[in-house]
Amino acid sequence: MVDTTFTDTSTECAICLNALDNTKKTITLSCGHRWHLGCLKEQLEHSQPSRSKRLIFSGCRCAKCSAFCDHPELENLTRRTDALREKVDGLVAEQLKTDAPDAWRDATNDAVAKANLIDEGRRSYAFYLCGGCDEPYFGGTIECADEAEGELTTSEDKLCQSCSPKLSQVICQHIYEHKPFHVWKCRYCCNPSRFVCYGNVHFCNSCHDRNSKLARSRSQGLGSPILEGIPCRGDSCSFPKPEGRNKHSNGSAFECEQVYYCASCESSPSGHDFLESPGSRNLVINPSGEEGTRGWQAANRSRHSNGGWAVENMDIPVDGSTRSNFVSNFQWCVMTQTIPLYQYVHHPSRARLEISSKFMARTDCPSVFKMEAVVTNSRGRVIRRTSTSELAAPADFWEKATLRLDPVDGAHEVTMVVCGKDARFWQGNFGSKVCHCSVRVLGTEEELQDIFLPEQNNIQDQHRRHPNTAYLRERALDIFLPILLIIFFWLISE
């Protein structure tokens, strides 16, 4: 809380050292200190985030007390940095969960301890602004970031994981969730990396030590030596090679970055198969637009939306068989499909459900995605609703979004709701892409035999032919109501 009784009695602006009088407009920050408005604006303009250096917010503070500058007339300059600081604090928390899980867990219910951990993380971790998506991301420790960076000075070299070389779906299908478990290749040799520095340069122990020695030489003015890559041994190298190549590229170039594998995926006894939990086959019809928009009903997220999902040929493969995907446009596009659980299982109230889909953005147009699951009872009343947050779609690779629903008393039907749009309001279908929409009942093979009705296969075929009874009734009214009205007016005119 700011001490509102504090009064700054300074007679000079501590930035320009000129008098705080009527010759220049003077403002008082929320902390109570007085400055020339023009001087503060110039300070904040020089302190705007740069893509070429790590994010530092010291220039956004009051020079007298270190409180962040806060005043209505400075809002246009502080709005962006305030938003970035909030995002960075969220990234600090995520990194602490990985680096200090015990300390973070102990501080869960202790606000003071958690605040101290966050503050320590701010002083230890380096964060950068991505040159691709303009979002902050973790890029190593401050100790490395403050070393001379040699040739690594361009914004193109500062890319977050979403904009870095695309991870193969064979390597990991849960890119964001498993991010701490991705094992990267050292940029300068073939060994697995142990460090990430300068934003997105991965080093093994040996190359990190070599680079630190060169950085000290540069800082001492002993020339500008550049770290040399260690050539790959080709066929005798045991580490995974990039697709279509027989050896690694090692050196300072950005294309020398590579993800070897996901440790979380590899730790499963069944390898990557664990990502697909045991359960029933997909109850959604037309999950990737193979049959146009059949089975899906357009809905309006707002009065400005037109529910305009379209179907296009898939340009970034998600597997070896899917050939199409849904794509949204510049307004919120919403489509729904209702699954009649009561037609499939003995007791819908006892069914555990998984609702999922895969989503992606174009490289040249950022987009957003959201997915909801709505459970209704036999009267059509909503008894459970859950959703993902509004997610920034990753560029040019498929990310999986998943919702899990425990048994819901009174469950009768479940509706999958898929929402997407682009973030730049481009005319046309440049929004988020979606495929592999899925609703499944979870359980082992033995459990599913007891859960499902014996005739569920036939019923599913009927649902495929008649996917949405309410939708068909609505279409019937659209067709026959005008005919009935014509007949009615013809009768009364006779």
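For the sequence shown, this note's numbering gives the first residue as 141, with consecutive numbering after it. The beta-carbon is built from N, C-alpha and C at its ideal position, and this holds for glycine as well. Everything numeric in this text was worked out from a predicted model, so none of it was measured.
Residues of its chain near residue i, where Cβ-Cβ distance is below 8 Å and the 5 sequence neighbours each way are ignored
i      : result
Asp590 : His486
Gly199 : Gln183, Leu184, His186, Ser187
Ser170 : Val142, Ala207, Asp210, His211
Cys330 : Ile370, Cys372, Arg373, Cys377, Phe379, His388, Asn390
Asn608 : Bear in mind that a pLDDT of 47 at Asn608, under 50, signals an unreliable position, so the model cannot answer this.
Lys165 : His176, Leu177, Gly178
Contacting residues, own chain, Cβ-Cβ under 7 Å from residue i (five flanking each side not counted)
i      : result
Ser389 : Glu395, Cys396
Lys510 : Ser527, Thr528, Glu530, Leu531, Cys559
Lys94  : Nothing in the structure corresponds to residue 94, since the chain is present only between 141 and 634.
Thr151 : Ala159, Leu160
Asp453 : Here residue 453 is Asn; the residue named in the question, Asp, does not match the sequence. Within the same chain, Asn453 has close Cβ partners Arg463, Ser464.
Where residue i falls: helix, strand or coil (DSSP)
i      : result
Pro480 : coil
Leu157 : coil
Ser420 : coil
Leu631 : helix
Gly374 : helix
Asn351 : helix
Lys164 : coil
Glu275 : coil
Gln398 : coil
Pro488 : helix
Lys319 : helix
Lys325 : strand
His388 : coil
Gln188 : coil
Ile623 : helix
Leu545 : strand
Asn340 : coil
Gln437 : strand
Ser464 : strand
Gly280 : strand
Lys540 : strand
Asn469 : coil
Phe146 : coil
Asn453 : strand
Exposed unless 16 or more other CB atoms sit within 10 angstroms - verdict on residue i
i      : result
Ile627 : exposed
Pro547 : exposed
Asn351 : buried
Val458 : buried
Ile479 : buried
Val581 : buried
Arg519 : exposed
Ser378 : exposed
Gln567 : exposed
Arg521 : exposed
Ile425 : buried
Gly435 : buried
Pro276 : buried
Ser633 : exposed
Gly432 : exposed
Asn598 : Annotation note: pLDDT 44 at Asn598 (below 50); position unreliable, coordinate value reported separately. By the neighbour-count rule (16 or more Cβ atoms within 10 Å), Asn598 is not buried but exposed.
Thr147 : exposed
Asn340 : buried
Val252 : exposed
Asn216 : exposed
Trp449 : buried
Arg385 : exposed
Lys540 : buried
Pro241 : exposed
Leu214 : buried
Ser461 : exposed
Lys498 : buried
Lys353 : exposed
Cutoff 6 Å; reference residue i; Cβ partners in own chain excluding five residues on either side
i      : result
Trp324 : Ser333, His342, Val399
Asp562 : Phe470, Cys505, Ser507, Phe570, Gly571
Glu512 : Ser527, Val557
His348 : Phe335
Lys227 : Pro276
Leu631 : none
Gly261 : Val232, Leu236
Minimum length 3: unbroken beta strand (DSSP E) runs contained in the region 492-532: The region 492-532 contains, as complete beta strand (DSSP E) runs of 3+ residues, the segments 493-500, 507-516, 522-527 (chain order).
Run through the region 194-243 for me and flag every whole alpha helix (DSSP H) of 4 or more residues, listed as ranges in chain order. DSSP runs (the alpha helix (DSSP H)) wholly in the region 194-243: 215-239.
Taking 8 Å as the cut-off, does the region 151-168 touch the region 176-191 (at least 3 CB pairs, one atom from each stretch)? Segment contact: the region 176-191 against the region 151-168, three or more CB-CB distances shorter than 8 Å; contact assigned.
Evaluate the contact criterion for the region 231-241 versus the region 183-191: three or more CB pairs, one atom per stretch, below 8 Å. No, the region 231-241 does not touch the region 183-191.
Quick test of the definition: if touching needs 3 or more C-beta pairs under 8 Å, does the region 490-506 touch the region 539-556? A contact is defined here as three or more CB-CB pairs under 8 Å, and the region 490-506 meets this definition with respect to the region 539-556.
Any beta strand (DSSP E) of 3 or more consecutive residues that is wholly inside the region 557-601: Annotation: the region 557-601 contains the following complete segments of the beta strand (DSSP E) (minimum length 3 residues), in chain order: 573-581.
With a floor of 3 residues, list each beta strand (DSSP E) that falls wholly inside the region 240-271, ordered by position along the chain. Counting whole runs of 3 or more residues, the region 240-271 contains the beta strand (DSSP E) stretches 265-269.
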